[in-house]
Every structure is written in structure tokens, then in C-alpha cells.
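Enquirer: One structure, as C-alpha cells, below. Some questions next.
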Amino acid sequence: AQSVTQLGSHVSVSEGALVLLRCNYSSSVPPYLFWYVQYPNQGLQLLLKYTTGATLVKGINGFEAEFKKSETSFHLTKPSAHMSDAAEYFCAVISGNTPLVFGKGTRLSVIA
Amino acid sequence: GAVVSQHPSRVICKSGTSVKIECRSLDFQATTMFWYRQFPKQSLMLMATSNEGSKATYEQGVEKDKFLINHASLTLSTLTVTSAHPEDSSFYICSAGPGLRETQYFGPGTRLLVL
Numbered sequence: 002a003q004s005v006t007q008l009g010s011h012v013s014v015s016e017g018a019l020v021l022l023r024c025n026y027s028s029s030v031p032p033y034l035f036w037y038v039q040y041p042n043q044g045l046q047l048l049l050k051y052t053t054g055a056t057l058v059k060g061i062n063g064f065e066a067e068f069k070k071s072e073t074s075f076h077l078t079k080p081s082a083h084m085s086d087a088a089e090y091f092c093a094v095i096s097g098n099t100p101l102v103f104g105k106g107t108r109l110s111v112i113a
Numbered sequence: 567g568a569v570v571s572q573h574p575s576r577v578i579c580k581s582g583t584s585v586k587i588e589c590r591s592l593d594f595q596a597t598t599m600f601w602y603r604q605f606p607k608q609s610l611m612l613m614a615t616s617n618e619g620s621k622a623t624y625e626q627g628v629e630k631d632k633f634l635i636n637h638a639s640l641t642l643s644t645l646t647v648t649s650a651h652p653e654d655s656s657f658y659i660c661s662a663g664p665g666l667r668e669t670q671y672f673g674p675g676t677r678l679l680v681l
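Line by line, the protein sequences give chains Y and D.
What the first sequence shows, in this note's numbering, is residues 2 to 113, in sequence order.
What the second sequence shows, in this note's numbering, is residues 567 to 681, in sequence order.
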């Protein structure tokens, strides 16, 4: 069965600093990988996804993620954090025909 | 991106009453929709898979008689919390996509408070 591990339930960065949110997955078949963002009391918004092809995927709001099969990772990065990036971030995987499996989430705080 | 709506966004009800939550895909047809429950500061827990024209598939530990799901059309799924109790208070989120391995789009969520 597939699973997702997000290292760090809470990450705090200074405004303008690099954002790195870690995600590792396990899957017995080639996965589809997603990052979603959730603002307080709202649903989830898709940031980016990897299905096939280029392993570096760019998403909205300046975020990008790189699929590394050898490391079973799909870490999310942004070169320069903005105050508006403060939110909960979820990594998720689809493997085969199963529903999305989510990680536990990482709360990003941005300090002025 | 695609839009999924949920209604109501917030509901407060008395213990013992039933509450219906609607999930609509506004610009695509979805043969499958998913219902999640989210507790404060936690991840989403999949409750059930809603299948158009057939019975929903419930995850282990989710009472199908408690959480009734109806997927009567390709754009609408409903979740009814029957005889709600305070422990059912939570944030309920639905998702839908044009295909099972396609991107899932999430509704804005419904905050249920049972008094």
C-alpha cells in the first residue's frame, strides 16, 4: 500500500528565505504526486502535481517540486517566502486506482 | 482550475437531527467523488468513495448508516450525517476529478457543529 511521510509538522522561515517542505512516499507502482495548500477554514488548493515526464514541476505562487525516484521524494520548494505563504501544506500520492493518500501535513509559518 | 462547490459552508444543529451536505462539480462530470473528514490541526481522513449510480464504498471504521452518501448524478454527491451527535462535529471536505487518476479538486469544506 502507498503512504506519504511529511517530515516536520511545523516549519518556520523568515520572509524572503528559502522554503523547503519535505515529502517522501512509498508506492509499488509509478505514483502520481501532488502538493496541496490549505488556508484556515478552507478547502485544499492544488499547488502542483507530477504524473509523468519532466521531474521538476512548477506550480502556482512560485512553488516547485522535484520528483526523485531514487530517493522516493517529492520535496516542495520556493526560493523566497512571502507572508501570504503561511498555511498548511499537504503532500499526496495516487498509486494505481486508489484514492489520494495524504501526508499528515506541514504547517508553514513565515516570520517578518 | 476546475471548481467544486460545497453547501452549506457552515451548519449548526441540535443533537439528534440530520444534516445534508452537498458537493457539486461545476465544470466537469465526476463518476467518483470523495468525502473526507478533517479534525483540527490534522490531515484529511478519507471517509468514503461516492460512486455515481451505485453504492458508496466506505473506509474501515466509518459507519455507512451514520454517514449516508448519495451520488445521483455526475455532478452531485450528498453526504447526510444522520442523528448527529457532538462527536460528529468536524470539517467535512469533498473532492472530485474528471477521472480516478486525475487531479482531485476540493470543495471549500463544510464546518459542522452539533450542539
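Built from N, CA and C at the ideal position, the CB exists for glycine as well.
Entirely within the stretch 582-651 of chain D and at least 3 residues each: give me those beta strand (DSSP E) ranges in chain order.
Expert: As far as the stretch 582-651 of chain D is concerned, its whole beta strand (DSSP E) runs of at least 3 residues are 585-591, 598-604, 610-617, 633-639, 642-647.
Enquirer: Give me, in chain order, the residues of the same chain whose beta-carbon lies closer than 6 Å to that of V38/Y; leave out the 5 immediate sequence neighbours on both sides.
Expert: Result list for V38/Y: Q46, L48, A88, Y90, in chain order.
Enquirer: Going by CA-CA distance only, name the one from L640/D, S620/D, S616/D that's closest to F633/D.
Expert: Out of L640/D, S620/D, S616/D, S616/D has the C-alpha closest to the C-alpha of F633/D.
Enquirer: From M84/Y to Y26/Y, what distance separates their C-alpha atoms?
Expert: Taking the straight line from one Cα to the other gives about 28 Å.
Enquirer: Could you check which residue in I578/D, V577/D, R590/D, G582/D has the C-alpha nearest to that of N636/D?
Expert: That would be R590/D, whose Cα lies nearest to the Cα of N636/D.
Enquirer: Taking the beta carbon of S581/D as the centre, do at least 16 other beta carbons fall within 10 Å, making it buried, or is it exposed?
Expert: By the 10 Å Cβ count, S581/D comes out exposed.
Enquirer: When burial is assigned at 16 or more other CB atoms within 10 Å of the CB, is H11/Y buried or exposed?
Expert: H11/Y should be labelled exposed.
Enquirer: Check for me: the beta strand (DSSP E) holding E67/Y runs from which residue to which?
Expert: Start and end: 65-69.
Enquirer: How many Å lie between S81/Y and S15/Y at the Cα?
Expert: Distance between the alpha carbons of S81/Y and S15/Y is about 9 Å.
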